[in-house]
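Read the structure below first, then the notes.
There are 2 protein chains.
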Amino acid sequence: MSWAKCVRGVMLDISGVLKNGDIAIPGSIEAVKRLRDAGVVVRFVTNETQLTCRMLCEKLIRIGFQLTENEIFSPAPVMVKLLKERKLRPMLLVHPRALPQFEGIDQSNPNCVVVGDATDVFTYEKLNDAFRLLMEQKRASLFSLGRGRYYKEVDGLCMDVGGFTAALEYASGVHAEVVGKPEKTFFATALSDMALSKSEVLMIGDDIVSDVGGAQEFGIRGVLVRTGKFIAEKDENHPLVKPDAIVDDLAQGVDVIISQRMD
Amino acid sequence: MSWAKCVRGVMLDISGVLKNGDIAIPGSIEAVKRLRDAGVVVRFVTNETQLTCRMLCEKLIRIGFQLTENEIFSPAPVMVKLLKERKLRPMLLVHPRALPQFEGIDQSNPNCVVVGDATDVFTYEKLNDAFRLLMEQKRASLFSLGRGRYYKEVDGLCMDVGGFTAALEYASGVHAEVVGKPEKTFFATALSDMALSKSEVLMIGDDIVSDVGGAQEFGIRGVLVRTGKFIAEKDENHPLVKPDAIVDDLAQGVDVIISQRMD
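As given, the protein sequences belong to chains A and B, one line each in that order. Those letters in the first sequence? Residues 1 to 263, per my numbering, in order. Those letters in the second sequence? Residues 1001 to 1263, per my numbering, in order.
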């Protein structure tokens, strides 16, 4: 199991690895605890944009996980920092619950579009407003909080932000800048907080492109779980991404990581 | 004006060439009449999918144009024929006014998705239903009635079907089959009805890709108008399509065509 050697830190995706919807995936609560007990540094690296980091943290604690808010890395805080740095005024196409994260950001007379996993906010009218802004303002930027194709909820698969970003890109001809996985800078933010080197860290996720491909592009190991949105026929022989390992679930992955540390 | 030589038939786009919204573009009513008076065969080749051909014909007559319903070629009737031939049961993401065209087509237990210019029907819920069908049914087909990026309404530019098709393609990984411009088979249907050869016919439209590029790919001349959705900086030096001519409007194009016939 060479993929699990010398692991001192683990980045964990949340949806599909720790939980499906509001339900913990069997063994995952204990798996996170076992990593910590073994002295492994844990960070939660997610493209979740329906909730603030605080809400997400509270939800995970309610389900039974032990973590703190500052261990979670999600796209919105990185986006807010970028908007401030570039002095941009966004038109926000994000979930209503995500809005508090953008408080204090000037949204008048917008000169860029920020798209998150907005679900029911994706109406024709709202998408068309964003499209018109991109067409009418020269050099208007389009930002996408992650670029996922879909995720799994309890009632089935759900379209993620990526499709809606693709719609705006196709109609406007403006290419989106991604903030979140699989962008390297996003993994870099989390790694920097772990104070470890790339060779000591691996990412575990259920998205072969955003989690595994993104991690590998960044230069850390990427491990795929067979939980969440995993679909064997699509993911086991993916044309572009070959995971360092595929494990049944987080618990099995952690078993191997910890057994390697014991050796 | 070699582009206008030996023209015995003209295919006309409707929106942006004849009219903007419900308003005739100045000179266009007379231009169509002058083509007919000069013995030029006229067909209306449109990606309009918000209305049936009958509604569209009635609307154009109300505005002042002279035409018959069977001179209009739009994607829905071609789609209906294709559904029957392949014995497919569609999930329809189309405008409510377009639904009557699909009467008599079995829509129970759908095994394909048909996307038109559905405007407000494009909700997250409806798009997600279509996405799930594409993910759950192996070999489910996705059809797009045209693939336009945008069109111009009186109040501004509007996202066309292409972006929403791109969203479903991105999320599901299923590639759409296009029914309508710029597909060659669609132009072929109209040409066959004109009983002319390719060298005798040209297409006039405001969409550089669907109208002009599509016509040229099919093997007829493609002329762009500066009305409708035309945007000089994007269309005059398009990276992929070079029109046979660019004219200010339909009236100017018809002037040249008729003057060439007189020579």
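Backbone N, C-alpha and C fix where the C-beta goes; we use that ideal spot for every residue, glycine too.
Close CB contacts of Ser1108(B) within its chain, under the 8 angstroms cut and outside five residues either way in sequence, are with Arg1089 (chain order).
Take the alpha-carbon of Gly173(A) and the one of Ser144(A): they are about 15 angstroms apart.
Close partners of Thr1049(B) in chain A (Cβ separation under 9 angstroms) are lacking, with about 14 angstroms as the shortest Cβ gap. Cβ-Cβ separation between Leu35(A) and Val10(A): approximately 6 angstroms, consistent with a contact (criterion under 8 angstroms).
At a cut-off of 9 angstroms between C-beta atoms, Gly1163(B) counts as an interface residue with respect to chain A. Against chain B, a Cβ distance below 9 angstroms from Met135(A) picks out Tyr1150, Gly1156, Leu1157 and Ile1231. For the options Val179(A), Cys158(A) and Phe122(A), the alpha carbon positioned closest to that of Arg1132(B) is the one of Cys158(A). Look at Thr1189(B): its C-beta is not under 9 angstroms from any C-beta on chain A. It is roughly 10 angstroms from the alpha-carbon of Phe1218(B) to the alpha-carbon of Lys1181(B). Scanning chain A for C-beta atoms nearer than 9 angstroms to the C-beta of Asp1120(B) yields Thr123, Tyr124 and Glu125, reported in chain order. In terms of Cβ geometry, Leu202(A) and Ala215(A) form a close pair [threshold 9 angstroms].
By alpha-carbon distance to Glu1058(B), the top candidate from Gln1050(B), Thr1068(B) and Glu1136(B) is Thr1068(B). Exposure of His175(A) is indicated by the presence of fewer than 16 other C-beta atoms within 10 angstroms of its C-beta.
Burial state of Pro1100(B) is exposed, judged by a 10 Å Cβ sphere holding fewer than 16 other Cβ atoms. With contacts defined by Cβ atoms closer than 9 angstroms, Leu83(A) and Cys112(A) form a contacting pair. Closer than 9 angstroms at the C-beta level to chain B, one finds no residue of the stretch 18-48 of chain A. Using a CB distance cut-off of 9 angstroms, Phe131(A) counts as an interface residue toward chain B. The alpha-carbon separation between Leu56(A) and Asp120(A) amounts to approximately 19 angstroms. Taking 9 angstroms as the cut-off, the Cβ atoms of Asp1117(B) and Asn1047(B) count as close. The distance from the Cβ of Tyr1151(B) to that of Ser1015(B) is about 5 angstroms, consistent with a contact at the 8 angstroms cut-off.
Between Glu1030(B) and Ala1251(B), the CB-CB gap stays under 9 angstroms. Boundaries for Gly1148(B): no alpha helix (DSSP H) harbours it, and the DSSP string shows neither H nor E there. Note that the C-beta distance between Asp211(A) and Asp13(A) is below 9 angstroms. Contacts with chain B at 9 angstroms (Cβ-Cβ) include Gly173(A). Below the 7 angstroms Cβ cutoff, chain A contributes Ala166, Ala167 and Tyr170 as neighbours of Ala1166(B), in chain order.
Where Gly162(A) is concerned, the enclosing alpha helix (DSSP H) starts and stops at Val161 to Ser172.
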